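One structure is given here, and the rest of the page talks about it.
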Amino acid sequence: MKSKKVSLDANLWTNRNIECPYELIREVFLITNIEHLKGEITNCFYYALKLKLSHRIKISDLKRDLFIMRSLMKASYNILLDSKENGQKELVKKDNESIKDGLGALNFEEYQNPYIVFQNVFKRTTLMQVDDLVYDLIEVISYKRMTDYSNHSIPAMFSHKILEACWLINERLKEKY
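Per this note's numbering, the sequence shown starts with residue 1091, numbered consecutively.
Laid out in structure tokens, this is it:
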């Protein structure tokens, strides 16, 4: 059975519908930066475990960041499907350039080829599990209820890897065009 591309659901955090995953990635990094998103996603996981935020933030901003992360996961999934059908964009670095500071979640191979991140993440999890996690985190943040995360197979590290891979793709697209 052929996999089907999914809606990116950008309309949940922006005022328009975006269909191209590369355009969505560009839009995300126009409105926010990788350090902010990584920090807030980590904060969401921390809050879900302790019911305590590591710093003050508006709940609506945290929800927006979770929806952005969800859209990036969906964009990554669509890019993975597209790369299987049409090949990868020429965004793979073959040189021995060192990993840029702030990209601590990726190993060297993933840094050279961010598409590997998408392959590895979606071997271990499904989009349904991503949706479940996002909505569980939103519920915890909104209603201050603890949730059992032992049934979730998506560690916070997957979120960081996806964020870093998407950021790299965005940077390499800027270099190319």
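Idealized CB from N, CA, C, for every residue including glycine.
The model shown is predicted, which means the values in this text are computed figures rather than measured ones.
Contact belief for His1126 with Ala1195 at Cβ below 8 Å, rounded distance in angstroms: The Cβ separation is near 15 Å, so there is no contact.
My understanding is that Val1118 touches Tyr1167, with C-beta atoms under 8 Å, so please give their C-beta distance in whole angstroms. About 15 Å separates the two Cβ atoms, so there is no contact after all.
With H, G and I counted as helix, E and B as strand and the rest as coil, what does DSSP make of Asp1268? Look at the range of the chain in this structure, 1091 to 1267, and you will see that residue 1268 is not part of it.
Would you tell me roughly how many angstroms separate the C-alpha atoms of Arg1160 and Glu1130, rounded to the nearest one? Roughly 13 Å separates the two Cα atoms.
Have a look at Leu1171 and Ala1165 and give me their C-alpha separation to the nearest angstrom. One C-alpha to the other measures close to 10 Å.
Classify Tyr1205 as buried or exposed, calling it buried when 16 or more other Cβ atoms lie within 10 Å of its own Cβ. Within a 10 Å sphere around the beta-carbon of Tyr1205 sit 16 or more other beta-carbons, which makes this residue buried.
Lys1095, enclosing alpha helix (DSSP H) - first and last residue: That residue, Lys1095, is in no alpha helix (DSSP H); it is neither H nor E in DSSP.
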